[in-house]
Structure formats: structure tokens, C-alpha cells
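Residue numbers (this note's numbering): 4 to 397.
The structure appears below as C-alpha cells.
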């Protein structure tokens, strides 16, 4: 019962440790039971990815698109640009540092590679449509519902979003520890676990440094715009940072983020609009982590990781982050679509992404919400006078 009450992160850590331990002595018939579960779960996950895109992106686009004001457009563009910039920073840093890290933790060559472990049986669950079809349909339906005021259609997709979010929270997320246990069990038997974990340990250190750098440059830009000390502005946001670090939830941190943002001199009207909106659309920390982890896995597997490919991936990722559901690991679940369709990640690669992302979930959330305060400062500078003029005219 205590295990069931644990958060997702402790469960993932326990699953990885147990997978590495049991992989050294678990009898093969029992191993094949877990391999069978993983095969079925991966089929289900592949089936769900296009539905996740359609169920989350469509209503998200409809919600954003129905407000055509300049304030909304400017805020969305700044949040999108900052999210893309964070991803590009992760790629640039990783392309320089990660190759030597992967090489220094080279896999041992004296490990006998066993034959592929086969499940007892397989169940084929093909997706209803591919990822790009789902994404294009989501944009068409979301924008169409917004600009034609199709209330009934939007209501259908709002209900479908509830179903998808519930499926993620009640079916996928609870089974992830068991799935990841099976992944690391298989990797231990094949002799890959130590290699991958040693690489990830170094990558995590780089990601932690990067998330501080992102917050620093965000507030340097904001400070330059309003001609204030950027580090004093950043220090004021420490309360929001620590709250997000503890809760791993942008939504739960909104009251603190709002209060800290107002204390930085942002008007209450602007803070009340920008902070809740950016809690949904501004994912610089999450995009940085996902990009860095994806780049690492590409290098480990000898996959392509060229700049044009990752620019394509990051720009699409920044759009899909808008649809990230508010559950633990929700951002990486939404990111599974571009990971598979653009980078060609297998289900095993996706499982590694999920494990690594969740291990650092709170750091990304803290980076996201702290950056929300910087965006609010810039937006306030742009629109404060216009809002004052509007109030006077009223």
C-alpha cells in the first residue's frame, strides 16, 4: 500500500534499480512474462500516441485561437520563441559535450550478447491513423472550431480531452514503472544497463546546469527591456521556483508565480493574464530536457542527429508542448509523437525518454514557471501604457 501511495518518480527509480538487480538472476520463463507485458503495453502506447495528439492539441488550439487580441498573440509568440530557443541551446550544448560523454562511457565489448528475448505471445494494436495525420487534423479542427465558433464541435473535443487525460493518468502512468522495470530487466540481461545509466548520470548534470542558464538569460533579456537588475528580478521569483520544484506542477504554482510576478512590478491585469496562460504554453525547461535526452539517445543508438533534423523536431515539439496534460510526466507523453515520427524513436527509446524525463521532472517545471515571470515582465512593458489608455477611455 505504501508503494501505491508513492509518487511517480520514486516508483520509476525503484523500477530501474529492481530491473538492474533482477536482470542478473531472474529465470528466463519469468523474464519472458515481463517481456510479454512490455510488448503488449508498447502496442497500446503506439495506438494511443495519435489519439493523444488529437485529444490534447485540438482543444488546446481552440482555446488559444478564440482570443484574437494582440496581447494573446504577443504572449504566445514570446513563449513559443523562448521554448524553441531553449531546445536549440540544449542541442548546441549537447552536440559539443555529449559525444565525449557517450564515448567515455563506452559499452563493454566483452559482454556476450544473448539472442533477443521473445514474448510468449504478441497482440497487434495498429494506430487508427499516423501522427502527422492526427496533428494536421488537430490544427484544422482546433482553428476551425475557434474561428467559426463551433461550440458543439469544441465541446466534443473538450470531452475527448478528458477521456485522453484520464487514460494517461489512470492507465498509462500507473503502468509505466512496470514497463520501465521490464525495459531495464532486458537491458541488464543484454549488458547495456550500466552503459546507459552511466551516460545518463553525466547528461543529468549538464541538464541541471542548462536549466539555470535558461532562467538567467530569460531575466537578462527581461531586465534589459525594463532597465532593471536582472538578478534581482530573478531572485524575486525564487519562491515560485521552489514551489514548482516541490510540486512538479505549473498549475499548482500559479498563485505563487502570480504573486512574485506582481512583486517584480508587473501590473495585476497583465500578470493575471500571462501567468495562467504561460503555465500552459511556455515549456522552455521541458523542451530543453526532452531535446537533450533525445539527442543522447540518438548518439547512443548511432541515429542521425543533424541540426536541420533537430530544428524540425524542436519547432514541432514547442507546438505540441501546448497540449501537455497536467499530470506527472504529461509533457513527455505529449512529446512521444514527434519523437517517433521525426526522430524515429522505437518504443524502447521512448521508455528511456520517459524514465529520464520523469527523473528530472521538477527541474523542468521550476524552469518553466520561473521563465513565466520573465515573459510577464516583457509583455507588461509592451502593453502597460495601452492598458492604461484603454482604462482612461472607458
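We put the beta carbon where it would ideally sit given N, CA and C, even for glycine.
task = Assign residue 179 to one of two classes, buried (16 or more other C-beta atoms within 10 Å of its C-beta) or exposed (fewer than that).
result = Buried: at least 16 other Cβ atoms inside 10 Å.
inquiry  = Please classify residue 204 as buried or exposed, where buried requires at least 16 other C-beta atoms within 10 Å of its C-beta.
reply    = The C-beta of residue 204 has fewer than 16 other C-beta atoms within 10 Å across all chains shown, which makes the residue exposed.
ask   = Leaving out the 5 sequence neighbours to the left and right, which residues in its chain are closer than 7 Å to residue 141 when beta-carbon positions are compared?
value = Excluding residues up to 5 positions away in sequence, 56, 57, 60, 61, 64 lie with their Cβ nearer than 7 Å to the Cβ of residue 141 in the same chain.
key: Status (buried if at least 16 other CB within 10 Å, exposed otherwise) for residue 121   = Residue 121 is exposed by the Cβ-count criterion.
key: residue 349 versus 24, 320, 186, residue with shortest Cα-Cα distance   = Closest by alpha carbon: 186.
ask   = Which class does residue 130 belong to by DSSP, given the choice of helix, strand or coil?
value = The answer is coil: DSSP assigns residue 130 none of H, G, I, E or B.
ask   = Candidates 342, 319, 370, 346: which alpha carbon is nearest residue 357's?
value = Comparing alpha carbon positions, the residue from 342, 319, 370, 346 closest to residue 357 is 342.
query = Leaving out the 5 sequence neighbours to the left and right, which residues in its chain are closer than 7 Å to residue 225 when beta-carbon positions are compared?
reply = In chain order, 233, 236, 377, 380, 381 place their CB closer than 7 Å to the CB of residue 225, counting only its own chain and leaving out the 5 sequence neighbours on each side.
key: Nearest to residue 210 (by Cα), restricted to the options 28, 97, 340   = Nearest option by C-alpha distance: 97.
ask   = Could you give the uninterrupted runs of the alpha helix (DSSP H) lying entirely in the segment 163–251, keeping only those of 4 residues or more?
value = Entirely contained in the segment 163–251, the alpha helix (DSSP H) runs reaching 4 residues are, in chain order, 176–193, 196–229, 233–239, 241–250.
query = Between 306, 368, 371, 370, which lies nearest to residue 102 when the distance is taken from Cα to Cα?
reply = Closest option to residue 102, judged by alpha-carbon separation, among 306, 368, 371, 370: 306.
ask   = Which runs of the alpha helix (DSSP H) fall wholly inside the segment 330–357 and span at least 4 residues, in chain order?
value = Runs of the alpha helix (DSSP H) inside the segment 330–357: 333–344.
inquiry  = Taking the alpha-carbon of residue 334 as reference, which of 294, 312, 310 has the nearest alpha-carbon?
reply    = That would be 294, whose Cα lies nearest to the Cα of residue 334.
ask   = alpha helix (DSSP H) containing residue 322: first to last residue?
value = In the DSSP assignment, residue 322 falls within the alpha helix (DSSP H) that extends over 310–323.
key: Heavy atom of the ligand SAM within 6 Å of residue 190 beta-carbon   = Within the structure as shown, the ligand SAM is missing, as the structure has no ligands at all.
ask   = Nearest to residue 248 by CA position, among 367, 199, 73, is which residue?
value = Checking every option, the nearest Cα to that of residue 248 belongs to 367.
task = Tell me, to the nearest whole angstrom, how far the beta carbon of residue 257 is from that of residue 278; I am working on the premise that it is less than 8 Å.
result = About 6 Å; that satisfies the 8 Å criterion.
request  = Using 10 angstroms around the beta-carbon of residue 206, count the other beta-carbons present and answer buried if the total reaches 16, otherwise exposed.
outcome  = Buried, by the Cβ-count rule.
message = Tell me the rounded alpha-carbon separation between residue 314 and residue 32.
response = About 44 Å.
query = Helix, strand or coil: how does DSSP classify residue 262 here?
reply = Per DSSP, reduced to three states, the secondary structure at residue 262 is helical.
query = How would you call residue 227, buried or exposed, if buried means at least 16 neighbouring beta carbons within 10 angstroms?
reply = So residue 227 counts as exposed.
message = Whole angstroms are fine: how far does the CA of residue 160 sit from the CA of residue 168?
response = If I take the Cα positions, the gap works out to 12 Å.
ask   = Going by Cα to Cα distance, which pick from 88, 80, 84 is closest to residue 216?
value = Comparing Cα-Cα distances from residue 216 to each of 88, 80, 84, the minimum goes to 88.
ask   = Helix, strand or coil: which one does DSSP assign to residue 111?
value = Any reading at residue 111 needs caution, since the residue's pLDDT is 45, under 50, leaving its predicted position unreliable; the model's value is listed next. In the three-state DSSP reduction, residue 111 falls in the coil class, being neither helix nor strand.
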